[in-house]
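One structure is given below, encoded as structure tokens.
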Amino acid sequence: MKINKGIIALVVGTTVMSGCASIVSQSNWPVAIKSTPEASAFTITNQKGEKIHTGTTPATVNLPSGAGFFDGETYTLHFTKDGFQEKTATLDTRLNGWYFGNLIFGGIIGILIIDPATGAMFKLPETFSADLTAQFSSIGPSSTEFKIISLNNVPQELRSQLILVK
């Protein structure tokens, strides 16, 4: 049985010159963005402050996991919806388990060059969810809005300021 040396060299070269996470995994991850309540507007910015995406929940956004050599990306998500307090949250990468496959498949080139350069050594979660808090208007001297409310909802200390309307 004669084995072609060229094929062996090609297989060995491919294995040595590529990173495991780059082979088996990916550098861009689909992240499902959700919120409670739904239909909240959101903006995603990267760690450089660049706006990456704007949309409305629920949505799925493809995000790169790498921000540079040996640097995982960190995203800031800002949620807004009328009647709710704005919310800002952080979406961070974590080490991809396939990165350690370089010990078997990718070798030192995969560990030190390929996966760190492509961002494949990092991964993002499949889903990201934010819970927005409903806004409550204040009742008191600083409020400039006209509201009709039940007497039971007026604080005791403000009842002396009420004016009877006939």
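Numbered according to mature numbering (1 follows the signal peptide of the UniProt record, and there is no 0), the sequence shown spans residues -21 to -1, 1 to 145.
Where a beta carbon is used, it is the ideal one built from N, C-alpha and C, also for glycine.
Test item: CB-CB of residue i and residue j under 8 Å
{"i": "LYS13", "j": "THR36", "result": "yes"}
{"i": "residue 147", "j": "THR39", "result": "The structure shown does not extend to residue 147, since the chain is modelled only from -21 through 145, so no value can be given for it."}
{"i": "VAL10", "j": "PHE107", "result": "yes"}
Rounded distance between the beta-carbons of residue j and residue i, thought under 8 Å
{"i": "LEU56", "j": "ALA109", "result": "7 Å"}
{"i": "PHE79", "j": "GLY45", "result": "Not really, about 17 Å apart at Cβ, beyond 8 Å."}
{"i": "GLY98", "j": "PRO134", "result": "Not really, about 54 Å apart at Cβ, beyond 8 Å."}
DSSP three-state assignment for residue i, whether helix, strand or coil
{"i": "ALA11", "result": "strand"}
{"i": "SER139", "result": "helix"}
{"i": "VAL(-6)", "result": "For VAL(-6), the predicted model reports a pLDDT of 46, less than 50, meaning its position is unreliable and no value from the coordinates is stated."}
{"i": "PRO43", "result": "strand"}
{"i": "THR22", "result": "strand"}
{"i": "GLY34", "result": "strand"}
{"i": "VAL133", "result": "coil"}
{"i": "GLY28", "result": "coil"}
{"i": "ASN(-18)", "result": "coil"}
Nearest to residue i (by Cα), restricted to the options the options
{"i": "ILE23", "options": "SER6, TRP8, ASN7, PHE58", "result": "PHE58"}
{"i": "THR69", "options": "ASN7, PRO16, THR53, VAL10", "result": "THR53"}
{"i": "ALA113", "options": "GLY86, ALA11, LYS66", "result": "LYS66"}
{"i": "TRP8", "options": "PHE48, LEU141, LYS27, GLU105", "result": "GLU105"}
{"i": "LEU91", "options": "SER19, LYS145, ASP50", "result": "ASP50"}
{"i": "SER19", "options": "ASN25, GLY62, LEU103", "result": "GLY62"}
{"i": "LEU103", "options": "GLU17, LEU74, ILE93, ILE88", "result": "LEU74"}
{"i": "GLN26", "options": "SER6, GLY47, GLU17, ASN41", "result": "GLY47"}
Ignoring anything shorter than 3 residues or poking outside the stretch 60 to 120, list the beta strand (DSSP E) runs there in chain order. 66 to 71, 106 to 110
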